[in-house]
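Report on the following structure.
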Amino acid sequence: MKFKKYLLLISTLFLALILLSGCGQKPLSKQNILDNDKESKTITWGVKADTKLIGLIDVKDGEDKGFEIDLAKAITKKMLGKDAKAKFVTVTSQSRIPLLKNGNIDAIIATMTITPDREKVLDFSDSYFDAGQSILVKDGSDVKKVSDLNGKTVIGVVGSNSVQNVQKYAPDAKVLQLPDYAQAMTALKSGQGDALTTDNVILAGMAVQNPGYVVQGKPFTVEPYGIGINKGQDDFKQAINKALEEVIKDGEYNKLIKKWFGDVPGFNYKEVLRYD
Amino acid sequence: MIKLFVDNWSQFLTGFGWTLLSSVLALFFSLILGSFFAILEVIPNKFARIVGNVYVEIFRNIPLLVITMFFYLVIPMYVVKINGFAAGTIGLTIYTSAFIAETVRAGINSVDVGQMEASRSNGMTYVQAMRYIVLPQAFKYVIPPLGNQFVNLVKNSSVLAFVAGFDLMYQGNSIASTTFETVNTYFVVAIFYLIITLPISYYMQHLERKIV
Chain G
27 MKFKKYLLLI STLFLALILL SGCGQKPLSK QNILDNDKES KTITWGVKAD
77 TKLIGLIDVK DGEDKGFEID LAKAITKKML GKDAKAKFVT VTSQSRIPLL
127 KNGNIDAIIA TMTITPDREK VLDFSDSYFD AGQSILVKDG SDVKKVSDLN
177 GKTVIGVVGS NSVQNVQKYA PDAKVLQLPD YAQAMTALKS GQGDALTTDN
227 VILAGMAVQN PGYVVQGKPF TVEPYGIGIN KGQDDFKQAI NKALEEVIKD
277 GEYNKLIKKW FGDVPGFNYK EVLRYD
Chain Y
-8 MIKLFVDNWS QFLTGFGWTL LSSVLALFFS LILGSFFAIL EVIPNKFARI
42 VGNVYVEIFR NIPLLVITMF FYLVIPMYVV KINGFAAGTI GLTIYTSAFI
92 AETVRAGINS VDVGQMEASR SNGMTYVQAM RYIVLPQAFK YVIPPLGNQF
142 VNLVKNSSVL AFVAGFDLMY QGNSIASTTF ETVNTYFVVA IFYLIITLPI
192 SYYMQHLERK IV
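Sequence lines, in order, name chains G and Y.
All the letters of the first sequence, read from the start, carry residue numbers 27 to 302 under my numbering.
All the letters of the second sequence, read from the start, carry residue numbers -8 to 203 under my numbering.
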């Protein structure tokens, strides 16, 4: 009797959820983001807050700082004029796509690789940076290259494509997914894994912050970063691409690369400079 | 949503299994640990009372995530290597045991002092009086609040996701970020949690009616 009642309740809930999920999936906005932003003179960017050199909140003044932050500011100014403002919202690899989809942010500039899977759910601008996946290990570790990770434990971050990549290059590696890079790094330090894997620029920043840890071996993938935009926002996308092109053309892009990656050990900034 | 489940059922079920295992382990040990500290808090010995009190007040007032992170990150650095699942389950056990201790202590205190006095004057020792007279009555009072603690425990087990403990929430995060079907994924995850928690709720209601 009790059991029947319980069964009934569960099935009712199931039905309700199926119905709900059916109607909750409407496209969020038919609005034109470019027009909205032109009006408010603001673009809201989703950026990383835990990645040194790329996007990091400075604990001293609470400001976002990094290459992607500066690039986003430059693009904003090119798109909407000198007095335009770039607003930053912190995202993680896991939260960035949901936040874009529900309209909290206008665009993602957060070390996001252009992948076919992601292109199914959102649009990308032209690539603004070419990274490559690599591994970070303790100095003197016997992990020299990615294939050495078979049978070992490797730490990655939820929502990044590096956890899927590493399973291709080291199929027998055990993968642990942690919420963000700061926590992944701490887990590596406390011995929860043998290596940390993600893109080389991110790892370079971590190696700077954590002496005794080194980026090991050559990158084993190519990860072109793109700015993520909601589907159906072609005006916005074209404006971003145009602004990006201008930033590269007038040399500001290379200035930013030099500013952030100019003297990072183990990272040759000259390889990522762009000339037009 | 059904398609999402069909495509990822093995991952969801793995997560369900780990969540269930972690909950059962934590429930078992926190009940033992909690009862132990509850008794420490009521026996007529000042030192034991202080120990019990300090334990309860410390772990009841620290967020579960902090305790778990401590076991995941700090203990492996200095003491012994423990993985995410173990760290999460230990954190869950300690955290819940503090609440259970408070609940059981309240139950013991709610048994009239006269019961203890009467048993003692009938020639029972303190331990006998506790064992045969006070505790059986106390457990009746604490069944409803204990049920709440068990339900909370199952829900709190989602803390495992933050330390790569392979539980439901962890698998949910992983599925959501590969399929991009965020809403549907968390719906499925919620249903799986209900599958564990609803029977507990019902069973506790049933016990309550039967015993009290």
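Glycine residues also receive a C-beta, built at the ideal position from the N, C-alpha and C atoms.
Would you identify the three-state DSSP class for Y132(Y), choosing helix, strand or coil?
Helix at Y132(Y).
How would you label L18(Y), buried or exposed, when you count the other beta carbons within 10 angstroms and need 16 or more for buried?
Burial call: buried.
Quick check on DSSP: helix, strand or coil for K200(G)?
Three-state result, K200(G): strand.
Scan the stretch 174 to 195 of chain Y for residues whose Cβ lies nearer than 9 Å to a Cβ of chain G and list them as they occur along the chain.
Listed by position along the chain: V174, N175, F178, V179, A181, I182, L185, I186, L189, P190, Y193 and Y194.
If you measure between the beta carbons of G156(Y) and W9(Y), is that distance less than 8 Å?
Closer than 8 Å, so yes.
Using the Cα positions of D220(G) and G166(G), report the straight-line distance between them to the nearest angstrom.
Each residue's Cα considered, the two are about 12 Å apart.
What are the residues in the stretch 198 to 218 of chain G lying within 8 Å of chain Y by C-beta distance?
Flagged, chain order: L202, Q203, L204, P205, Q209, T212, A213, K215, S216, G217 and Q218.
Between Y32(G) and chain Y, is there a C-beta pair that is closer than 8 Å?
Yes - at least one Cβ of chain Y is within 8 Å of the one on Y32(G).
For the stretch 68 to 92 of chain Y, which residues have a beta carbon sitting closer than 8 Å to at least one beta carbon of chain G?
Within the stretch 68 to 92 of chain Y, the qualifying residues are M68, K72, N74 and G75.
State yes or no: is the C-beta of V367(G) within less than 8 Å of the C-beta of L79(G)?
Given that chain G is displayed from residue 27 to residue 302, the structure contains no residue 367(G) and the question cannot be resolved.
Would you mind giving the Cβ-Cβ distance between D84(G) and K74(G), rounded to the nearest angstrom? I have them listed as a contact below 8 Å.
Contact flag wrong, Cβ pair sits at about 13 Å.
Which residue or residues does DSSP assign as beta-bridge partners of Y251(G)?
BP columns for Y251(G) point to T139(G) and F155(G).
Taking CB distances under 8 Å as the criterion, tell me whether I131(G) reaches chain Y.
No, because no Cβ of chain Y sits closer than 8 Å to the Cβ of I131(G).
With a CB to CB cut of under 6 Å and the five nearest residues on each side skipped, what residues in its chain are close to V133(Y)?
Closer than 6 Å at Cβ, skipping near neighbours: T94, V95 and G98.
G50(G): buried (16+ other C-beta within 10 angstroms of its C-beta) or exposed?
Caution applies to G50(G), whose pLDDT of 49 falls short of 50 and renders its modelled position unreliable; the model cannot decide the point.
Throw me the rounded Cβ distance for the K127(G) and N256(G) pair, which I believe falls under 8 Å.
Sure, about 7 Å apart at Cβ, within 8 Å.
Just the chain Y side, please: which residues come within less than 7 Å of P124(G) by C-beta, in chain order?
Those are T173, listed as they occur along chain Y.
Contact check, T118(G) vs D198(G) under 8 Å by CB: the rounded distance?
At roughly 28 Å, the Cβ-Cβ gap does not stay under 8 Å, so T118(G) and D198(G) are not in contact.
Going by DSSP, name the residue or residues bridged to D76(G).
Answer by DSSP bridge pairing, in chain order: L82(G).
Comparing C-alpha positions only, which one of R40(Y), I73(Y) and G82(Y) sits nearest to P54(Y)?
Nearest C-alpha to P54(Y): G82(Y).
Starting from V180(G), find everything on chain Y with Cβ-Cβ shorter than 7 Å and list it in chain order.
Result: empty, since nearest Cβ-Cβ is about 11 Å, beyond 7 Å.
To be precise: take each residue of the stretch 138 to 150 of chain G, compare its Cβ to all Cβ atoms of chain Y, and keep it if any distance is under 8 Å. Which residues remain?
For the stretch 138 to 150 of chain G, which is checked against every Cβ of chain Y, the residues closer than 8 Å are D143, R144, K146 and V147.
So which residues on chain A does A155(Y) lean against when the C-beta distance must stay under 7 Å?
Going by chain labels, chain A is absent from the structure shown, which instead holds the protein chains G and Y.
I want to see whether chain Y comes within less than 8 Å of G50(G), judged by CB atoms only; does it?
Its pLDDT being 49, under 50, G50(G) is placed unreliably by the model, and the measurement read from it follows with that caveat. At least one chain Y Cβ lies under 8 Å of G50(G).
On the DSSP letters alone, give me the boundaries of the beta strand (DSSP E) that L222(G) sits inside.
Segment A221 to D225, the beta strand (DSSP E) holding L222(G).
In angstroms, rounded to a whole number, what distance separates the CA positions of Y195(G) and Q2(Y)?
Cα to Cα, Y195(G) sits roughly 21 Å from Q2(Y).
Have a look at G43(Y) and M121(Y) and give me their C-alpha separation to the nearest angstrom.
Distance between the alpha carbons of G43(Y) and M121(Y): 17 Å.
Can you tell me whether E108(Y) is buried or exposed, with buried defined as 16 or more other CB within 10 angstroms of its CB?
E108(Y) comes out exposed.
Any C-beta of chain G sitting closer than 8 Å to the C-beta of S13(Y)?
Closer than 8 Å: no.
For the structure I just gave you, are there three or more beta carbon pairs, one from the stretch 141 to 154 of chain Y and one from the stretch 181 to 189 of chain Y, closer than 8 Å?
Yes: the two stretches touch, three or more of their Cβ pairs being nearer than 8 Å.
Specify whether the stretch 272 to 285 of chain G and the stretch 248 to 263 of chain G touch according to this definition: at least 3 beta carbon pairs, one from each stretch, less than 8 Å apart.
No, the stretch 272 to 285 of chain G is not in contact with the stretch 248 to 263 of chain G.
Just mark T87(Y) as buried or exposed, buried being the case when its beta carbon has 16 or more other beta carbons within 10 Å.
Counting Cβ neighbours within 10 Å, T87(Y) comes out buried, since at least 16 surround it.
Name the chain G residues whose beta carbon is nearer than 9 Å to that of L64(Y)?
By Cβ distance, chain G contributes Q209, T212, A213, K215, S216 and Q218.
Alpha carbons only, please: which of L31(Y), L11(Y) and L16(Y) is nearest the one belonging to I85(Y)?
Answer by Cα proximity: L16(Y).
At the level of alpha carbons, what is the spacing between K108(G) and E271(G)?
Each residue's alpha carbon lies about 17 Å from the other.
Quick one: which chain Y residues come within Cβ less than 8 Å of Q120(G)?
The answer, in chain order, is N164, A167 and S168.
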